[in-house]
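Read in the numbering used here, the sequence shown has 137 at position 117, and its numbers run on one by one without any break.
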Amino acid sequence: VGEGEETFYELIKAIDENKDLEEVNGIVFRKNNEIIKTKPRELIKNLDEIPFPARDLLDLKLYESSVTKKVSHENATYLFTSRGCPFDCVYCNAKSMWRRLTRFRSIQNVVDEIEECINKYNLKEFNIGDELFTLKEDRVIEICDEIIKRNLEISWVCMSRVDTISSNMVKKMKEAGCKLITFGFESGSKEILKNIRKMTDIDKAEEAVNIVKKEGIGVYGNFMIGNPGETEETFNETLNFSRKLDLDKASFFITVPFPGTDLYNMLKENGHLDKNLEWSRFSPVSNKYPLLRTDALNGDDLLKLQKKAFKNFYLRPKFVINQLKKLKSKDDIKDLITGIKLFLKIEK
(Lines of atoms letter the chains of each structure in order from A; the text may use other names.)
(Lines give C-alpha, C1' and ligand atoms only; values in the text may rest on other atoms or scores of the structure.)
Protein backbone atom coordinates (compact mmCIF):
# COMPACT_ATOMS: atom_id res chain seq x y z
CA VAL A 21 0.00 0.00 0.00
CA GLY A 22 1.70 3.19 -1.13
CA GLU A 23 5.16 3.49 -2.65
CA GLY A 24 6.75 0.12 -3.22
CA GLU A 25 10.50 0.54 -3.54
CA GLU A 26 11.38 0.29 0.16
CA THR A 27 8.34 -1.83 1.06
CA PHE A 28 9.06 -4.53 -1.52
CA TYR A 29 12.70 -4.78 -0.47
CA GLU A 30 11.77 -5.11 3.21
CA LEU A 31 9.02 -7.63 2.41
CA ILE A 32 11.35 -9.90 0.44
CA LYS A 33 13.95 -9.62 3.19
CA ALA A 34 11.38 -10.45 5.89
CA ILE A 35 10.18 -13.52 3.98
CA ASP A 36 13.74 -14.65 3.32
CA GLU A 37 14.68 -14.26 6.99
CA ASN A 38 11.37 -15.70 8.24
CA LYS A 39 10.52 -12.52 10.16
CA ASP A 40 7.10 -11.27 11.25
CA LEU A 41 5.46 -9.49 8.29
CA GLU A 42 3.73 -7.10 10.68
CA GLU A 43 7.10 -5.36 11.03
CA VAL A 44 6.97 -4.33 7.36
CA ASN A 45 5.17 -1.01 6.91
CA GLY A 46 2.87 -0.46 3.96
CA ILE A 47 1.42 -3.92 3.34
CA VAL A 48 -1.87 -5.78 3.77
CA PHE A 49 -1.91 -9.56 4.20
CA ARG A 50 -3.98 -12.44 5.51
CA LYS A 51 -2.94 -14.18 8.74
CA ASN A 52 -5.04 -16.99 10.21
CA ASN A 53 -8.11 -15.78 8.28
CA GLU A 54 -7.57 -12.26 9.61
CA ILE A 55 -6.74 -9.29 7.35
CA ILE A 56 -3.71 -7.45 8.73
CA LYS A 57 -2.89 -3.90 7.64
CA THR A 58 0.46 -2.60 8.85
CA LYS A 59 1.48 1.00 9.53
CA PRO A 60 1.50 3.37 6.53
CA ARG A 61 4.74 3.61 4.60
CA GLU A 62 6.29 7.07 4.71
CA LEU A 63 6.75 8.72 1.34
CA ILE A 64 10.27 8.78 -0.07
CA LYS A 65 11.55 12.29 0.55
CA ASN A 66 14.28 12.46 -2.07
CA LEU A 67 13.26 10.84 -5.37
CA ASP A 68 16.81 11.25 -6.70
CA GLU A 69 17.89 8.51 -4.29
CA ILE A 70 15.87 5.91 -6.21
CA PRO A 71 18.14 4.13 -8.73
CA PHE A 72 17.19 4.24 -12.39
CA PRO A 73 15.06 1.24 -13.46
CA ALA A 74 17.08 -1.87 -14.37
CA ARG A 75 15.71 -1.91 -17.89
CA ASP A 76 18.32 -4.49 -18.92
CA LEU A 77 16.37 -7.12 -16.96
CA LEU A 78 13.35 -6.77 -19.24
CA ASP A 79 12.55 -7.46 -22.85
CA LEU A 80 11.58 -3.87 -23.59
CA LYS A 81 9.69 -4.83 -26.73
CA LEU A 82 7.08 -6.45 -24.50
CA TYR A 83 6.36 -3.10 -22.87
CA GLU A 84 5.68 -0.87 -25.85
CA SER A 85 3.55 2.17 -25.09
CA SER A 86 0.45 2.53 -27.23
CA VAL A 87 0.63 6.27 -26.60
CA THR A 88 4.16 6.77 -27.94
CA LYS A 89 3.33 4.58 -30.95
CA LYS A 90 0.91 7.31 -31.95
CA VAL A 91 3.85 9.63 -32.58
CA SER A 92 6.63 7.27 -33.66
CA HIS A 93 7.57 3.64 -34.10
CA GLU A 94 10.87 3.66 -32.22
CA ASN A 95 11.49 1.66 -29.06
CA ALA A 96 9.95 3.51 -26.15
CA THR A 97 9.97 3.52 -22.36
CA TYR A 98 8.15 5.16 -19.48
CA LEU A 99 9.80 7.96 -17.54
CA PHE A 100 8.59 9.59 -14.32
CA THR A 101 9.95 13.00 -13.34
CA SER A 102 7.65 13.56 -10.36
CA ARG A 103 5.13 11.88 -8.10
CA GLY A 104 1.78 13.20 -6.98
CA CYS A 105 -0.81 15.81 -7.88
CA PRO A 106 -2.12 18.73 -5.79
CA PHE A 107 -5.66 18.66 -7.19
CA ASP A 108 -8.69 17.01 -5.62
CA CYS A 109 -10.69 15.25 -8.37
CA VAL A 110 -13.09 12.76 -6.79
CA TYR A 111 -12.38 9.91 -9.22
CA CYS A 112 -8.59 9.93 -8.99
CA ASN A 113 -6.67 7.49 -6.80
CA ALA A 114 -3.52 9.64 -6.87
CA LYS A 115 -4.65 11.32 -3.66
CA SER A 116 -4.81 7.95 -1.88
CA MET A 117 -1.31 7.13 -3.10
CA TRP A 118 0.48 10.48 -2.87
CA ARG A 119 -1.66 12.38 -0.28
CA ARG A 120 -2.02 15.45 -2.56
CA LEU A 121 1.70 16.09 -2.26
CA THR A 122 3.88 16.54 -5.33
CA ARG A 123 7.57 15.66 -5.17
CA PHE A 124 10.01 16.33 -7.97
CA ARG A 125 13.21 14.75 -9.18
CA SER A 126 16.02 17.17 -9.93
CA ILE A 127 16.51 18.37 -13.50
CA GLN A 128 19.95 16.75 -13.62
CA ASN A 129 18.62 13.40 -12.41
CA VAL A 130 15.78 13.33 -14.94
CA VAL A 131 17.93 14.14 -17.94
CA ASP A 132 20.67 11.75 -16.76
CA GLU A 133 18.12 8.93 -16.98
CA ILE A 134 17.09 10.04 -20.46
CA GLU A 135 20.74 10.02 -21.51
CA GLU A 136 21.25 6.54 -20.03
CA CYS A 137 18.24 5.26 -21.97
CA ILE A 138 19.73 6.59 -25.20
CA ASN A 139 23.30 5.38 -24.66
CA LYS A 140 22.67 2.07 -22.87
CA TYR A 141 19.35 0.88 -24.31
CA ASN A 142 18.98 2.77 -27.59
CA LEU A 143 15.68 4.20 -26.37
CA LYS A 144 14.75 7.56 -27.84
CA GLU A 145 11.00 7.69 -27.23
CA PHE A 146 9.57 8.51 -23.81
CA ASN A 147 6.11 8.38 -22.29
CA ILE A 148 6.35 10.76 -19.34
CA GLY A 149 3.99 9.15 -16.84
CA ASP A 150 3.72 12.01 -14.33
CA GLU A 151 0.19 12.71 -13.13
CA LEU A 152 0.71 16.30 -14.26
CA PHE A 153 4.02 17.01 -15.99
CA THR A 154 3.18 20.65 -16.73
CA LEU A 155 2.37 21.59 -13.13
CA LYS A 156 5.37 23.93 -12.80
CA GLU A 157 6.16 25.93 -15.92
CA ASP A 158 9.68 26.95 -14.81
CA ARG A 159 10.62 23.34 -14.10
CA VAL A 160 9.31 22.09 -17.46
CA ILE A 161 11.32 24.76 -19.25
CA GLU A 162 14.44 23.82 -17.25
CA ILE A 163 14.08 20.16 -18.21
CA CYS A 164 13.60 21.12 -21.85
CA ASP A 165 16.61 23.45 -21.77
CA GLU A 166 18.79 20.65 -20.36
CA ILE A 167 17.61 18.24 -23.08
CA ILE A 168 18.44 20.84 -25.73
CA LYS A 169 21.77 21.70 -24.10
CA ARG A 170 22.88 18.04 -24.24
CA ASN A 171 21.73 17.71 -27.87
CA LEU A 172 19.48 14.77 -27.03
CA GLU A 173 17.38 13.95 -30.08
CA ILE A 174 14.31 12.38 -28.52
CA SER A 175 10.54 12.32 -28.86
CA TRP A 176 8.19 12.28 -25.92
CA VAL A 177 4.58 12.56 -24.79
CA CYS A 178 3.11 13.72 -21.49
CA MET A 179 -0.09 14.42 -19.57
CA SER A 180 -1.27 17.92 -18.83
CA ARG A 181 -4.15 20.00 -17.51
CA VAL A 182 -5.67 22.90 -19.43
CA ASP A 183 -5.01 25.51 -16.75
CA THR A 184 -1.27 24.70 -16.63
CA ILE A 185 -0.53 25.48 -20.28
CA SER A 186 1.28 28.55 -21.62
CA SER A 187 2.57 29.48 -25.06
CA ASN A 188 6.17 29.94 -23.88
CA MET A 189 6.26 26.55 -22.18
CA VAL A 190 4.72 24.72 -25.15
CA LYS A 191 7.20 26.29 -27.57
CA LYS A 192 10.06 25.04 -25.41
CA MET A 193 8.47 21.58 -25.14
CA LYS A 194 8.23 21.39 -28.91
CA GLU A 195 11.89 22.36 -29.26
CA ALA A 196 12.87 19.61 -26.80
CA GLY A 197 11.01 16.88 -28.68
CA CYS A 198 7.43 16.83 -27.34
CA LYS A 199 5.12 15.23 -29.91
CA LEU A 200 1.85 14.70 -28.08
CA ILE A 201 0.06 16.05 -25.00
CA THR A 202 -2.83 14.22 -23.34
CA PHE A 203 -5.49 16.27 -21.57
CA GLY A 204 -8.08 14.87 -19.19
CA PHE A 205 -11.02 17.07 -20.20
CA GLU A 206 -13.41 14.56 -18.58
CA SER A 207 -16.63 16.44 -19.40
CA GLY A 208 -18.10 19.30 -21.41
CA SER A 209 -20.69 19.94 -18.72
CA LYS A 210 -19.95 22.58 -16.10
CA GLU A 211 -22.31 20.78 -13.74
CA ILE A 212 -20.42 17.48 -14.03
CA LEU A 213 -17.02 19.19 -13.71
CA LYS A 214 -18.26 20.73 -10.47
CA ASN A 215 -19.60 17.39 -9.21
CA ILE A 216 -16.23 15.68 -9.72
CA ARG A 217 -14.23 18.67 -8.40
CA LYS A 218 -12.33 18.96 -11.67
CA MET A 219 -12.55 22.76 -11.46
CA THR A 220 -11.29 23.51 -14.98
CA ASP A 221 -12.74 26.12 -17.32
CA ILE A 222 -14.30 24.82 -20.55
CA ASP A 223 -13.28 27.98 -22.42
CA LYS A 224 -9.74 27.56 -21.09
CA ALA A 225 -9.70 24.05 -22.54
CA GLU A 226 -10.25 25.27 -26.08
CA GLU A 227 -7.56 27.92 -25.61
CA ALA A 228 -5.05 25.34 -24.32
CA VAL A 229 -5.68 23.01 -27.27
CA ASN A 230 -5.18 25.86 -29.72
CA ILE A 231 -1.87 26.83 -28.08
CA VAL A 232 -0.58 23.26 -28.37
CA LYS A 233 -1.79 22.74 -31.93
CA LYS A 234 -0.26 26.03 -33.04
CA GLU A 235 3.18 24.63 -32.18
CA GLY A 236 2.54 21.45 -34.17
CA ILE A 237 2.13 19.16 -31.15
CA GLY A 238 -0.63 16.54 -31.23
CA VAL A 239 -3.48 16.57 -28.71
CA TYR A 240 -5.15 13.49 -27.22
CA GLY A 241 -8.32 14.05 -25.19
CA ASN A 242 -9.77 11.82 -22.47
CA PHE A 243 -13.45 12.01 -21.52
CA MET A 244 -15.52 10.22 -18.87
CA ILE A 245 -19.09 8.95 -19.06
CA GLY A 246 -21.17 8.21 -15.97
CA ASN A 247 -19.93 10.59 -13.31
CA PRO A 248 -22.36 11.70 -10.56
CA GLY A 249 -25.22 13.70 -12.05
CA GLU A 250 -24.65 12.39 -15.59
CA THR A 251 -27.71 12.48 -17.84
CA GLU A 252 -28.13 12.11 -21.57
CA GLU A 253 -28.14 15.90 -21.74
CA THR A 254 -24.80 16.31 -19.95
CA PHE A 255 -23.36 13.50 -22.07
CA ASN A 256 -24.38 15.36 -25.23
CA GLU A 257 -22.63 18.45 -23.87
CA THR A 258 -19.46 16.36 -23.55
CA LEU A 259 -19.82 14.86 -27.02
CA ASN A 260 -20.37 18.27 -28.63
CA PHE A 261 -17.43 19.66 -26.67
CA SER A 262 -15.12 16.86 -27.87
CA ARG A 263 -16.11 17.49 -31.49
CA LYS A 264 -15.57 21.21 -31.11
CA LEU A 265 -11.99 20.81 -29.89
CA ASP A 266 -9.23 20.30 -32.46
CA LEU A 267 -8.20 16.85 -31.21
CA ASP A 268 -6.09 14.26 -33.00
CA LYS A 269 -7.49 11.41 -30.90
CA ALA A 270 -10.07 10.99 -28.16
CA SER A 271 -11.08 8.27 -25.72
CA PHE A 272 -14.41 7.98 -23.94
CA PHE A 273 -14.18 5.94 -20.75
CA ILE A 274 -17.01 4.80 -18.55
CA THR A 275 -16.08 6.04 -15.09
CA VAL A 276 -14.36 3.49 -12.85
CA PRO A 277 -14.97 4.02 -9.09
CA PHE A 278 -11.66 2.87 -7.64
CA PRO A 279 -11.75 1.84 -3.96
CA GLY A 280 -10.15 4.49 -1.78
CA THR A 281 -11.37 7.38 -3.91
CA ASP A 282 -13.97 9.92 -2.84
CA LEU A 283 -16.06 8.82 -5.81
CA TYR A 284 -16.19 5.21 -4.60
CA ASN A 285 -17.33 6.34 -1.15
CA MET A 286 -19.95 8.69 -2.64
CA LEU A 287 -21.42 5.97 -4.85
CA LYS A 288 -21.40 3.43 -2.04
CA GLU A 289 -23.27 5.87 0.18
CA ASN A 290 -25.98 6.71 -2.35
CA GLY A 291 -26.42 3.16 -3.67
CA HIS A 292 -25.06 3.83 -7.15
CA LEU A 293 -22.41 1.11 -7.13
CA ASP A 294 -23.17 -2.03 -9.13
CA LYS A 295 -24.85 -4.63 -6.90
CA ASN A 296 -22.72 -7.43 -8.38
CA LEU A 297 -19.47 -5.62 -7.73
CA GLU A 298 -16.45 -7.92 -7.94
CA TRP A 299 -12.77 -7.06 -7.57
CA SER A 300 -11.98 -8.93 -10.79
CA ARG A 301 -14.09 -6.43 -12.71
CA PHE A 302 -12.07 -3.41 -11.67
CA SER A 303 -10.13 -2.15 -14.65
CA PRO A 304 -8.69 1.20 -15.76
CA VAL A 305 -11.06 0.91 -18.74
CA SER A 306 -14.56 -0.29 -17.87
CA ASN A 307 -15.87 -0.99 -21.37
CA LYS A 308 -17.95 -4.13 -20.85
CA TYR A 309 -19.12 -4.07 -17.25
CA PRO A 310 -19.93 -0.60 -15.90
CA LEU A 311 -19.49 -0.61 -12.14
CA LEU A 312 -21.77 2.32 -11.43
CA ARG A 313 -24.96 4.05 -12.46
CA THR A 314 -26.49 7.49 -12.06
CA ASP A 315 -30.01 8.62 -11.18
CA ALA A 316 -30.78 8.86 -14.90
CA LEU A 317 -28.57 6.20 -16.50
CA ASN A 318 -27.98 2.50 -15.84
CA GLY A 319 -25.05 0.36 -16.99
CA ASP A 320 -26.59 -0.50 -20.37
CA ASP A 321 -27.32 3.18 -20.97
CA LEU A 322 -23.69 4.07 -20.30
CA LEU A 323 -22.45 1.44 -22.77
CA LYS A 324 -24.79 2.78 -25.45
CA LEU A 325 -23.61 6.34 -24.87
CA GLN A 326 -19.98 5.24 -25.04
CA LYS A 327 -20.57 3.64 -28.45
CA LYS A 328 -22.37 6.78 -29.59
CA ALA A 329 -19.42 8.92 -28.47
CA PHE A 330 -16.80 6.94 -30.38
CA LYS A 331 -19.01 6.75 -33.47
CA ASN A 332 -19.88 10.44 -33.53
CA PHE A 333 -16.32 11.57 -32.86
CA TYR A 334 -14.40 9.32 -35.25
CA LEU A 335 -16.81 8.99 -38.18
CA ARG A 336 -16.99 12.69 -39.00
CA PRO A 337 -16.02 13.16 -42.68
CA LYS A 338 -13.60 15.98 -41.84
CA PHE A 339 -11.86 13.89 -39.17
CA VAL A 340 -11.57 10.83 -41.44
CA ILE A 341 -10.08 12.91 -44.27
CA ASN A 342 -7.53 14.48 -41.89
CA GLN A 343 -6.48 11.04 -40.65
CA LEU A 344 -6.01 9.74 -44.19
CA LYS A 345 -3.83 12.75 -45.01
CA LYS A 346 -1.51 11.81 -42.15
CA LEU A 347 -0.71 8.34 -43.56
CA LYS A 348 2.96 8.42 -44.53
CA SER A 349 4.26 4.89 -43.93
CA LYS A 350 3.33 1.22 -43.58
CA ASP A 351 3.42 1.64 -39.81
CA ASP A 352 0.85 4.45 -40.06
CA ILE A 353 -1.43 2.18 -42.08
CA LYS A 354 -0.97 -0.62 -39.51
CA ASP A 355 -1.93 1.79 -36.73
CA LEU A 356 -5.01 2.87 -38.67
CA ILE A 357 -6.08 -0.76 -39.14
CA THR A 358 -5.52 -1.41 -35.41
CA GLY A 359 -7.66 1.61 -34.60
CA ILE A 360 -10.44 0.41 -36.91
CA LYS A 361 -10.37 -3.05 -35.28
CA LEU A 362 -10.61 -1.46 -31.83
CA PHE A 363 -13.49 0.71 -32.99
CA LEU A 364 -15.36 -2.29 -34.38
CA LYS A 365 -14.73 -4.18 -31.12
CA ILE A 366 -16.31 -1.34 -29.14
CA GLU A 367 -19.27 -1.31 -31.54
CA LYS A 368 -20.10 -4.98 -30.88
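Quick reminder that beta carbons are idealized off the backbone N, C-alpha and C, glycines included.
Legend entry - First and last residue of the uninterrupted alpha helix (DSSP H) at CYS112: Premise fails: CYS112 is in no alpha helix (DSSP H) and is neither H nor E.
Inset, instruction - Give every residue of the same chain whose Cβ lies closer than 8 angstroms to the Cβ of ASN171, excluding the five residues on either side of it in the sequence, and list them in chain order. - result: So no residue of the chain qualifies.
Legend entry - Proximity of SER99 and PHE146 at Cβ, strictly below 7 angstroms: Here the sequence assigns Leu to residue 99, which means Ser is not the residue at that position. A distance below 7 angstroms separates the beta carbons of LEU99 and PHE146.
Inset, instruction - Figure out for me which residue from PRO337, GLU289, TYR284 and GLY208 has the closest Cα to the Cα of PHE272. - result: For PHE272, the nearest C-alpha among the options comes from GLY208.
Legend entry - Residue range of the beta strand (DSSP E) that includes TYR334: Where TYR334 is concerned, there is no enclosing beta strand (DSSP E), although the alpha helix (DSSP H) it sits in stretches over 319-334.
Legend entry - Buried or exposed (CB count within 10 angstroms, at least 16 for buried), PRO310: It counts as buried.
Inset, instruction - Ignore the nearest five residues each way along the sequence and tell me which others in GLY46's own chain have a CB closer than 7 angstroms to its CB. - result: Counting only Cβ-Cβ distances below 7 angstroms, and skipping sequence neighbours, we find VAL21, GLY22, THR27, THR58, PRO60 and ARG61.
Legend entry - Integer-rounded CB distance, given that TYR240 should sit under 8 angstroms from LYS269: Going by Cβ atoms, the distance from LYS269 to TYR240 rounds to 5 angstroms, so yes, they are a contact pair.
Inset, instruction - Over the uninterrupted beta strand (DSSP E) stretch that includes PHE146, give me the two end residues. - result: Its beta strand (DSSP E) spans residues 145-148.
Legend entry - Local conformation of PHE153 per DSSP, three classes: Three-state result, PHE153: coil.
Inset, instruction - Give the single residue among LYS234, THR251 and VAL232 whose Cα lies nearest to the Cα of LEU322. - result: When C-alpha distances from LEU322 are compared across LYS234, THR251 and VAL232, the shortest belongs to THR251.
Inset, instruction - Give a yes or no on whether the C-beta atoms belonging to VAL182 and ALA225 are separated by under 7 angstroms. - result: Taking 7 angstroms as the Cβ cut-off, VAL182 and ALA225 qualify as a contacting pair.
Inset, instruction - Kindly list the residues whose CB is nearer than 8 angstroms to the CB of VAL131, restricted to its own chain and excluding five residues on each side of it in sequence; keep chain order. - result: By the criterion of a C-beta distance shorter than 8 angstroms, VAL131 is surrounded in its chain by ILE163, GLU166, ILE167, ARG170 and LEU172, once the five residues flanking it on both sides are discounted.
Inset, instruction - Spell out a yes or no on whether the stretch 184-199 and the stretch 149-161 are touching, meaning 3 or more CB-CB pairs, one atom from each, closer than 8 angstroms. - result: In this structure the stretch 184-199 lies against the stretch 149-161, because at least three pairs of beta carbons, one per stretch, are closer than 8 angstroms.
Legend entry - Integer Cβ distance of GLY319 from ASP294, believed to fall under 8 angstroms: 7 angstroms between Cβ atoms; contact.
Legend entry - Alpha-carbon spacing of MET117 relative to PHE107, whole angstroms: In this model, MET117 and PHE107 are separated by some 13 angstroms (Cα to Cα).
Inset, instruction - Would you kindly check if the distance between the Cβ of GLY291 and the Cβ of ILE274 is under 7 angstroms? - result: No, they are not a contact pair.
Inset, instruction - Check whether the Cβ atoms of MET179 and GLU206 sit closer than 7 angstroms, and answer yes or no. - result: Cβ distance not < 7 angstroms, so MET179 and GLU206 don't count as in contact.
Inset, instruction - Check whether the Cβ of ASN230 lies closer than 7 angstroms to any Cβ atom in chain B. - result: You won't find chain B in this structure, because it holds only one protein chain.
Inset, instruction - Look up LEU141 in the DSSP assignment and say whether it is helix, strand or coil. - result: Rather than Leu, the amino acid found at residue 141 in this sequence is Tyr. DSSP places TYR141 in the helix class (H, G or I) of the three-state scheme.
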